[in-house]
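Protein chains in written order, with the numbering used here: chain A, 3 to 399; chain B, 3 to 399. Ideal placement from N, C-alpha and C gives every residue a C-beta, glycine not left out. For reference, the structure discussed in these notes is given below.
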């Protein structure tokens, strides 16, 4: 009796989330310390202490009716202004409060912008491997997600195929850098090239193509890698941001969209996003958290914690004979499955209480994703199990 | 370049919200004390002090990674169990944690359940006057909202017309009691009758029709009026609840759905709602607020505050010659416009700095809605302006 569309979804319910539930069950059965759950991007680093301090401060200092009340659908004006100023200071941009719309996490922001833009049948391009939810988000508005093949082995975007796939029905492109699941960060040159390709195709087809940059991992980079600000390379760029990872607040559902004034039909797009925020039932981003993040724009979660995990798991797996690229950002390691059918590998891993996600969930079979946003102890404790796995698959050198 | 659907929405953007923005502008121009903004259901009563205490308590006592982290899409298990127990205690029901799904306010809950249920072309019935957003929510999933005419002058539901309008494509019915915009509360007899009609029609058409009871105002009733629990009268009932009004937390976006095990295809509906919560981009209801409301289930906002406003504005407007029904619940007064074209009346009211919403926004032209969830001072200060209005329209007795 549920809708036909949902029947499919319920059947193929996200492998990641299903594994999260599975992980909880296994932890209850075998003890949390004996389960190595690398399945979900649920940060193990606590929010910076400034966040909890700011929560109590806001509660104490600001008027309760204001703090917990409705505001404009796009969010508190002073919060949006503070965010615009913050981005401008960091990246030399010139955004104003009207260019910022507060959203229920990055997922809420992506849904609002896709609802605003897509007519049924419009095409949205993205690059494999990609966060599997993009397919659902685009499908929510009857758009068609088209996927550019993965570019092995370094997972930089395949720009030749990308250019060929852009057609007259291409309405948007989603990029995600630093990338989930590969940890790859797009260089300035790559972003310049993407901008040039889009400009060229727009002119050919007399269309507007919006580049949606999904950036929940912007703050999580290692070895001093630069994450260029995408609006600088192409005027029809919309940025989706979230504080889920940068401030370790994934459950709080707080993020924003950047909607530059220089993009095509900017005024209509901004209005449509505000209406979409309302009618999709978000209404507004959670109010207390808006007030809190205003006080914490200069804070970030302890990236060195993830870096330590990254080095440990990468070095160990390489030593055991696994094939993977050193991630430059985010907190995922994308590992080549030692057998073509990566589901088989995940199954064997699970027998050793290691939970990892098959690459098929990211349109990249033959690989698996490991989320290393766990405790360092979990990383260390899991290593013997990984070593055994490597031995079983004949990887050990 | 925005989607065609959204073009219409942007043009006809919610009259209520537009007025909210207008109200802010007028307050800046004329001073907040000289503008009588009755346009939006934004509670002026602060959250009970227990809420802010609970926020600081949760921050202090619970693990930060847990409090701000992801959990199952349906919410923290202990929070859902506490809510189920609370409902059971109050209403003698037998819900378990699996029957509760935490949502981003009632609006998020309604969208999740409609996404779960509706195929394109499915019909959803509701009773005029109704909260205008229902049309958008149903439209989001290509459903068709069909509206039962208002039943003047007491605004109890027109059950004869309702029965006639149920057809083989009717998938759901939305009721809202205590009602926005009329303040009417459905009696036990009315709910029994609605249940009987739905049972009869389901049998005739061999369908399942879900009764969605949107209940953000459940706690806000006056003169000891009873609000019967709707699941008792019809097994295919789904309840949408929000803490926006009961705890004065509208900006926090926290509510829940009750999905009873005895409804048709309960297991599929529950799974589909969880998936819908995820793919619509809510992901989960805000985490800290989930933990907070668990501690505040026995609290409620000061209803006597609204009651005092209710009596004052009702008695005064009646005295000036306006025609309206004494609201039994919620915090709205639905007033008969002294001229057929109620937009004209709203315009004249605005000239006197009174902001009220035309009944057309609720599919009930000829009436206007006044939200009395403002300060008592605002009520009192506005009375001379109402009196002048009454005189201008020749109402004074």
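Query: C-beta neighbour in chain A for residue 351 of chain B, strict 7 Å; Result: no
Query: Run of the alpha helix (DSSP H) containing residue 135 of chain A, from where it starts to where it stops; Result: 135-142
Query: Listed by chain order, chain B residues near residue 270 of chain A by CB distance under 9 Å; Result: 3, 4, 8, 9 and 12
Query: Contacting residues, own chain, Cβ-Cβ under 6 Å from residue 231 of chain A (five flanking each side not counted); Result: 93
Query: Same chain, Cβ closer than 7 Å to residue 170 of chain A, five either side skipped, listed in chain order; Result: 207 and 209
Query: DSSP state of residue 229 of chain A mapped onto helix, strand, coil; Result: coil
Query: For residue 39 of chain B, the residue or residues it bridges with in DSSP; Result: B:357
Query: Beta bridge counterpart(s) of residue 348 of chain B as assigned by DSSP; Result: Residue 348 of chain B is not bridged to any residue.
Query: Cα-Cα separation between residue 253 of chain B and residue 39 of chain A, rounded to whole angstroms; Result: 34 Å
Query: Interface residues of chain A facing residue 61 of chain B [CB-CB closer than 7 Å]; Result: 54, 57 and 58
Query: Cβ-Cβ distance between residue 1 of chain B and residue 147 of chain B below 7 Å; Result: Beyond the ends of chain B as shown, which are 3 and 399, falls residue 1 of chain B; an answer cannot be given.
Query: Enclosing alpha helix (DSSP H) for residue 4 of chain B [first to last residue]; Result: That residue, residue 4 of chain B, is in no alpha helix (DSSP H); it is neither H nor E in DSSP.
Query: Local conformation of residue 338 of chain B per DSSP, three classes; Result: strand
Query: Cutoff 7 Å: residue 208 of chain B Cβ touching any chain A Cβ; Result: no
Query: Under 7 Å by beta carbon: chain B residues contacting residue 215 of chain A; Result: The premise fails here: residue 215 of chain A is roughly 17 Å from chain B at the closest Cβ pair, so nothing lies under 7 Å.
Query: Pairwise C-alpha distance: residue 75 of chain B and residue 194 of chain B; Result: 33 Å
Query: Residues of the stretch 277-297 of chain B whose Cβ lies closer than 9 Å to any Cβ of chain A, in chain order; Result: 277, 278, 280, 281, 282, 283, 284, 285, 286, 287, 288, 289, 290, 291 and 292
Query: Rounded Cβ spacing between residue 106 of chain B and residue 106 of chain A (contact assumed at less than 8 Å); Result: 6 Å
Query: Contact between the stretch 331-341 of chain A and the stretch 83-99 of chain A (3+ Cβ pairs under 8 Å); Result: no
Query: C-beta atoms of residue 108 of chain A and residue 218 of chain A nearer than 7 Å; Result: yes
Query: Where residue 152 of chain B falls, given that 16 or more other Cβ within 10 Å makes a residue buried; Result: buried
Query: For residue 248 of chain B, three-class secondary structure by DSSP; Result: helix
Query: Residue 205 of chain A: first and last residue of the uninterrupted alpha helix (DSSP H) it sits in; Result: 190-207
Query: The stretch 21-43 of chain B: positions lying closer than 9 Å to chain A by Cβ; Result: 22, 23, 26, 42 and 43
Query: Proximal chain B residues relative to residue 121 of chain A, where beta-carbon distance stays under 8 Å; Result: 5, 6 and 7
Query: Beta-carbon separation (whole angstroms), residue 249 of chain A vs residue 113 of chain A, contact threshold 8 Å; Result: Not really, about 21 Å apart at Cβ, beyond 8 Å.
Query: Minimum C-alpha distance to residue 139 of chain B - residue among B:119, B:290, B:158 and B:338; Result: B:119
Query: Pairwise C-alpha distance: residue 137 of chain B and residue 1 of chain B; Result: Since the displayed chain B opens at 3 and closes at 399, residue 1 of chain B lies outside it and no answer follows.
Query: Residue 227 of chain B versus residue 238 of chain B - alpha carbon distance; Result: 25 Å
Query: Inside the stretch 97-131 of chain A only - alpha helix (DSSP H) runs reaching at least 4 residues; Result: 107-119
Query: C-alpha gap between residue 70 of chain B and residue 289 of chain B, whole angstroms; Result: 6 Å
Query: Limits of the beta strand (DSSP E) - the one that residue 215 of chain B falls within; Result: 212-216
Query: Inter-stretch contact (C-beta, 8 Å, three-pair minimum) for the stretch 160-168 of chain A and the stretch 315-331 of chain A; Result: no
Query: Option in A:53, A:179 and A:273 with minimal Cα separation from residue 13 of chain B; Result: A:273
Query: Beta-carbon proximity list for residue 89 of chain B, same chain, < 6 Å, skipping 5 on both sides; Result: 95 and 97
Query: Within-7 Å CB hit, residue 195 of chain B to chain A; Result: no
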